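Below you'll find the structure, written out as structure tokens, and then a few comments.
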Amino acid sequence: MRWWSLANLVSNAGTWMQLTVQNLLVLQVTGSAAATGLSLSVQAAPGLLMGLLGGAAVDRWPRKVTAAVSQAALALVAFTTAALVAFDRLDLTVLMVLAAVTGLIATVDGPACALLGNDLVPTEDVPSAIAVGSMVHSVGRLAGTAAAGVVVAFLGTQAAYAANGLSFLFVAAVVPFLTPAAGAGGAPDDAAAAPGPRAPDEGMTAREGLAFFCRRPRLVALAGITGLSAVFGRNYGLTLAVLVTGPLHGGGGAFGTVSTVLAVGGIVGAVLAARLRSPSVRLVGTLAAAGALLQVVAGLSPSLAVLLVLVLPMAVVESISDTAGTTVLQTDPPAHLRGRVLGVWRSVSTLWGLAGPPLLGLLMELAGARGALVTGGLIIAGAVGAGAVLRGRALTAAPATA
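Converting from the sequence shown to my numbering requires adding 976 to each position, the first position being numbered 1.
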């Protein structure tokens, strides 16, 4: 697990280094802000359309092999992009093809790597493993973003892509040496090692994963809570940027400070979340409602100092809620269905990821930054509260009906 965490730290730093310069590269190649948005949509589209199939593949294929091959494929895409940039052969069409290929590989790589990390620890330590992964992601994001400016300034844009390619290769090199914990849920690897014939197509359909997801009220409720939070409560890069530079009369430096506090809060939250043992959807809902109410107060902040005081607990609550929700998502299904359930989740989360920014932008146009934060927070808290009341009534009525 220590080697896997180190590999993911290197990979996350490389990924964020590339993401930091990616939009700049698209602008340099096309000169169009619309093309920048289009490239992001093209990269996200496979997650929406192919997420179910990617999850089914993860359930069917040996997990370690799947993770290593997908990481090597992502490295190849990064190195190809670096070479095209270096030789000035990159145009809009090639950019879109590379973005689509990256998104397609990610439909398999995401669930494979997530479940492989969980396989490295005993079942009772999975929440801690997910929290460590969240902390590694936050630290990698800070390191990669900071390194991007230095690397591009001295070595050029292509160096960021080359560095990301090397980080993927490092992960691929580590994977073969990982040993799953006894009794971990790596069903495909276990099945591959077992003697006798296999029927890989039997019971491994994407439809089975979708049916399981829809039949599990707790997973549907988790999707609803997370979706509302993603649309109305998590786009702080947009809402807080407008709040800081608008009503609070701050500049880019002030928003940079807010972003740093958000990142620190995410790390603190991940450390605290490592103590979780049996998180539930109720805990996720409670934390989402608490974060939403903090967001309402943040929207009414009279000064930057007050906002900074509120931003830290907002990020801590969000990080713990994310870890709890991810734990439920990755441990609730039986082992042989977890890849497909994560595939369903990828499709759903891609949908609200694409729909969220335009909806939030429209809300900000109508109500301003303060109004968007307050309204969004009230929507989330109200929906969670209404769901809790309805569930309580259903549980009360069930014995009477019986």
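Built from N, CA and C at the ideal position, the CB exists for glycine as well.
The structure presented is a predicted model; accordingly, all values stated were derived computationally and were not measured.
When secondary structure is reduced to three states using DSSP, Met1111 falls in the helix class. Secondary structure within the segment 1243-1298: not one fully enclosed beta strand (DSSP E) run of 3 or more consecutive residues is present.
Taking the Cβ atoms as the reference, Ala1136 lies roughly 5 Å from Gln994, within the contact range of under 8 Å. With 16 or more other Cβ atoms inside 10 Å of its own Cβ, Ala1291 counts as buried.
Non-local C-beta neighbours of Gly1120 in its own chain, meaning closer than 6 Å and more than five positions away in sequence, comprise Ala989, Trp992, Met993, ordered along the chain. Between Asp1101 and Gly1315, the C-beta spacing is not below 7 Å. Inter-segment contact for the segment 1106-1125 and the segment 1231-1248 is present: three or more beta-carbon pairs are separated by less than 8 Å.
Residue nearest to Ala1105 within the set Glu1341, Leu1284, Val1247 is Val1247 (criterion: CA-CA distance). Inter-residue distance for Gly1031 and His1225 is about 46 Å (C-alpha atoms, whole angstroms). In the three-state scheme derived from DSSP, where H, G and I count as helix and E and B as strand, Val1147 is classed as helix. For Phe1055, the enclosing alpha helix (DSSP H) begins and ends at 1039-1062. The C-beta of Pro1334 has fewer than 16 other C-beta atoms within 10 Å across all chains shown, which makes the residue exposed. Counting only unbroken stretches of 4 or more residues, the alpha helix (DSSP H) elements lying wholly within the segment 1202-1229 are 1212-1221, in sequence order. Across the structure, Pro1193 and Pro1309 are spaced so that their CA atoms are roughly 12 Å apart.
In its chain, beyond the 5 residues on either side, Val1150 have a beta carbon closer than 6 Å to the beta carbon of Trp979. Under the three-state reduction of DSSP output, Ser1104 falls in the helix class. Its Cα nearest to that of Gln1306, the residue Pro1103 stands out among Thr1056, Pro1103, Ser1046, Ala1364. Per DSSP, the unbroken alpha helix (DSSP H) holding Gly1079 starts and ends at 1068-1095. For Ser1017, the secondary structure class from DSSP, reduced to helix, strand or coil, is helix. Ala1044 counts as buried, since at least 16 other C-beta atoms from the protein chains shown sit within 10 angstroms of its C-beta. A residue is called buried when at least 16 other Cβ atoms come within 10 angstroms of its Cβ; Glu1341 does not meet this threshold and is exposed.
Secondary structure at Met993: helix, using DSSP grouped into helix, strand and coil. The alpha-carbon separation between Pro1255 and Val1304 amounts to approximately 7 Å. Between Ser1114 and Ala1239 a beta carbon distance of about 6 Å is seen, short of the 8 Å cut, so the two are scored as contacting.
With contact defined as three or more Cβ pairs closer than 8 Å, the segment 1259-1277 and the segment 1348-1356 are in contact. Between Gly1141 and Ala1051 the beta-carbon gap is near 4 Å, inside 8 Å, which marks them as a contact. A straight-line Cα-Cα distance of about 21 Å links Thr1181 and Ser1325. Beyond the five residues adjoining it in sequence on each side, Asn984 comes within less than 6 Å, by CB distance, of Val1112 in the same chain, given in chain order. Here Ala1090 is buried, its C-beta having at least 16 other C-beta atoms within 10 Å.
Membership of Ala1187 in the alpha helix (DSSP H) is indicated by the continuous run 1182-1191. By the 16-neighbour rule on beta-carbons within 10 angstroms, Ala1345 is buried.
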